[in-house]
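**Q** Below is a structure I'd like to ask you about.
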Amino acid sequence: MTTIAYVDTARDLGGAERSLIELLAHLDLALFQPVLLHARGAVWLGDPLLPAIGLHEVFPPLGVLERRRDEVAGRLVARLQDISQALRLALGVKRRLVRCGAELVHTNTLKAHLIGGLAARLAGLPLVWHVRDILPPGAARRLLHQAARRCHPHIIAISRAVAAQFAGWPVQCHVIPNGIPLDRFTPGPPSRQLRARLGLRDGVPVICNVARLTPWKGHRTLLEALARLRAEGPAFQALIVGEVAFWDDSYEQELHHLAGDLGLDDVVVWTGFRADVAQLLRLSDIFVLPSENEPFGRAIVEAMAVGLPVVACRSGGVPEIVVHEQTGLLVDPGDPEQLAGALSRLLADPQEARLMGERGRQRAQQLFDIRRVAGQVQQLYADILKLDH
Ligand code: UDP
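Take 58 as the starting number for the sequence shown in my numbering and just add one per residue.
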């Protein structure tokens, strides 16, 4: 049995933690024994899908640090300028790695790559960085580069777009997409009660968006596109699922005001965070995610698995997931007119929309099954550790 130590510094549940939970839930526990090194007060440890594994609290509550990508660079550098704090944390992590008998370290968040990477190096252990972000060129990317030169990680990039930022670096980079539990995200009859509870009218198509309320997810563009669509006349209603996470509650107010100013209050339903995304997708007709430089977009694959056509942006890792004109429509980021045009086309042609959804479902099954993805990650562990399973 090989002990793998996973390191994640986040307090809140983001897509990165959701992906890690899914991976842990699908590891072959006859071969690998996972332990998780986490932050104090990490709320995502309460997720019902997280299997029973060894938990080690090694980080202080880090709150917003991991996710606000515009600010991550500055904050990361500012924090890490406090070298003594970073070293103290790394030494603590190293001691814990030794104590729990770790044979490989797998880091899941930006700060974990740095602290966990240093700790793995101090402990002389092989290291996997699971990279889920596209960092803008600048301080944070340079810092990561320096860390890579010292720690020699094997990198798992969740898309080719994520891998591209490592071109020319002294690392081995493996593109392994995020995996989706296809047994939970299946097509199925929509729940009439849920529809009614959400205040959705019968017989009116539903456009669904699932994303954290954060600027780069493109909610402003979405609202502006919906206003254009409304002016054109096709009947629709929009379900906007997700909450502000990690920082800045004022952004949510801003979006609600914008929807009001655009005259969308009677067609947009804001749900906040929902644990029943699969059910919400089932009562929807089109999925939309106009994010810019999306590293992957689990929410897109979940929608495909449920059989929805996707309208998203040709940016980041999204074109690796959505095949334009086959499983959905791709538009340029930040362009409400194009976005409205794509939505309008699918609303006007439900038959084409259904076909795209069906092809998307097949694609999700072929490429993004969590069992397949967990197998790829375990094969990487076996290759690194020269295990003979
Ligand atoms: N999610 C959820 N409830 C919500 C909003 C999002 O369960 O109200 C889930 C969503 O289904 C997806 C994940 O959070 O599995 C978001 O991952 P994604 O890669 O789309 O975005 P990220 O947050 O990692 O940028």
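Virtual Cβ for every residue (Gly too), placed ideally from N, Cα, C.
(1) Hey, how far is the Cα of L296 from the Cα of L255?
(2) Alpha carbon to alpha carbon, what distance is there between G98 and L146?
(3) Is the Cβ-Cβ distance between L270 and L337 less than 8 Å?
(4) Mind reading off the beta-carbon distance from V298 to T328? Whole number of angstroms is fine, and I expect it under 8 Å.
(5) Using CA coordinates, which residue listed in V324, P376 and V228 is at the minimum distance from V261?
(6) Let me check one thing: in DSSP terms, what residues is I357 bridge-paired to?
(7) Who are W186's beta bridge partners in DSSP?
(8) What would DSSP say about E114, mapped onto helix, strand or coil?
(9) Helix, strand or coil for P376? Go by DSSP, reduced to three states.
(10) What does DSSP give as the partner residue(s) for V367 in the beta ladder?
(11) Quick one: what does DSSP say G91 is sitting in, helix, strand or coil?
(12) Less than 8 Å separating the beta-carbons of V188 and V219?
(13) Quick one: is the Cβ of G72 within less than 7 Å of any heavy atom of the ligand UDP?
(14) Helix, strand or coil for A295 per DSSP?
(15) When you measure from the CB of V267 to every non-hydrogen atom of the ligand UDP, does any distance come out below 7 Å?
(16) Report the option in G391, A356 and Q250 whose CA atom is closest to the CA atom of P238.
(17) Would you list the residues sitting across from W327 in a DSSP beta bridge?
(18) Would you kindly work out how many angstroms separate the C-alpha atoms of E382 and L88, rounded to a whole number?
(19) Starting from H231, trace the beta strand (DSSP E) both ways and give me its first and last residue.
(20) Of all the options I172, E377 and V430, which has the alpha carbon lying nearest to the alpha carbon of A82?
(21) In whole angstroms, give me the CA-to-CA distance for A205 and Q229.
(22) Could you check what DSSP says for T243 in three-state terms: helix, strand or coil?
(23) Around the C-beta of E281, are 16 or more other C-beta atoms found within 10 angstroms, so that it is buried, or is it exposed?
(24) Expressed to the nearest angstrom, what Euclidean distance is found between the alpha-carbon atoms of P117 and D392?
(25) Run through DSSP, which three-state label would V261 get?
(26) Let me confirm a value: V100 is counted as buried when at least 16 other C-beta atoms fall within 10 Å, else exposed. Which label applies?
(27) Looking only at its chain, what residues have a beta carbon closer than 6 Å to the beta carbon of V115, apart from the 5 residues adjacent to it on each side?
(28) Please return the same chain residues whose Cβ sits closer than 8 Å to the Cβ of E300, not counting the five positions on each side in sequence.
(29) Candidates S141, P234, L444 and I110: which alpha carbon is nearest I213's?
(30) Under a Cβ-count criterion, where at least 16 other Cβ atoms within 10 Å of its own Cβ denotes burial, should T164 be classed as buried or exposed?
(31) Output needed for L424: all residues of its chain with C-beta closer than 7 Å, excluding positions within five of it in sequence on either side, in chain order.
(32) Leaving out the 5 sequence neighbours to the left and right, which residues in its chain are closer than 7 Å to A410 when beta-carbon positions are compared?
(33) Regarding V92 and the ligand UDP, is the C-beta to nearest heavy atom distance less than 7 Å?
(34) Can you list, in chain order, the residues of its chain with a C-beta nearer than 6 Å to that of T66? Leave out the 5 residues immediately preceding and following it.
(35) Any idea if L86 is buried or exposed, counting beta-carbon neighbours within 10 angstroms, 16 or more meaning buried?
(36) Just to confirm the assignment, what range does the alpha helix (DSSP H) spanning V64 have?
**A** Reading from the atomic positions:
(1) Distance between the alpha carbons of L296 and L255 is about 9 Å.
(2) Rounded to the nearest angstrom, the two C-alpha atoms are 17 Å apart.
(3) Not in contact: L270 and L337 (Cβ atoms no closer than 8 Å).
(4) The Cβ separation is near 5 Å, so the contact holds.
(5) Out of V324, P376 and V228, V324 has the C-alpha closest to the C-alpha of V261.
(6) According to DSSP, I357 bridges with nothing at all.
(7) According to DSSP, which records beta bridges pairwise, W186 is partnered with T164 and I212.
(8) In this structure, E114 counts as strand in the three-state DSSP scheme.
(9) If DSSP states are grouped into helix, strand and coil, P376 belongs with the helices.
(10) In DSSP, V367 forms a bridge with F344 and G385.
(11) Residue identity differs from the one stated: residue 91 is Pro in this sequence, not Gly. Looking at P91 - three-state DSSP - the assignment turns out to be strand.
(12) The answer is yes: Cβ separation under 8 Å.
(13) Answer for G72: yes, Cβ within range of the ligand UDP.
(14) DSSP, reduced to helix, strand and coil, places A295 within a strand of the structure shown.
(15) Yes, the ligand UDP has a heavy atom inside 7 Å of this Cβ.
(16) The residue from G391, A356 and Q250 with its alpha-carbon nearest to that of P238 is A356.
(17) Answer is I297.
(18) C-alpha of E382 to C-alpha of L88: approximately 42 Å in a straight line.
(19) Run containing H231: Q229 to V232, per the beta strand (DSSP E) assignment.
(20) Selected option, being the one with the closest Cα: V430.
(21) Those two C-alpha atoms are separated by around 10 Å.
(22) Per DSSP, reduced to three states, the secondary structure at T243 is coil, with no helix or strand assignment.
(23) Counting of Cβ neighbours within 10 angstroms places E281 among the buried residues, the total reaching 16 or more.
(24) D392 has its alpha-carbon roughly 41 Å from the corresponding atom of P117.
(25) In this structure, V261 counts as coil in the three-state DSSP scheme.
(26) With fewer than 16 Cβ atoms within 10 Å of its Cβ, V100 is classed as exposed.
(27) Same-chain partners within the cutoff: L94, G149, V150 and R153.
(28) Excluding sequence neighbours, E300 sits near R269, L270, E309, G329 and F330.
(29) The shortest C-alpha separation from I213 is found at P234.
(30) Under a 10 Å Cβ-count criterion, T164 is classified as buried, with 16 or more other Cβ atoms of the shown protein chains found around its own Cβ.
(31) Contacts found: P234.
(32) Closer than 7 Å at Cβ, skipping near neighbours: D342, I343, P366 and L403.
(33) No, the Cβ of V92 stays beyond 7 Å of every heavy atom of the ligand UDP.
(34) The beta carbon of T66 sits closer than 6 Å to the beta carbons of A96, F116, L119, T166, K168 and A169 from its chain, once the five residues preceding and following it are set aside; these are given in chain order.
(35) Label assigned to L86: exposed.
(36) Not the alpha helix (DSSP H): V64 falls in the beta strand (DSSP E), residues T59 to V64.
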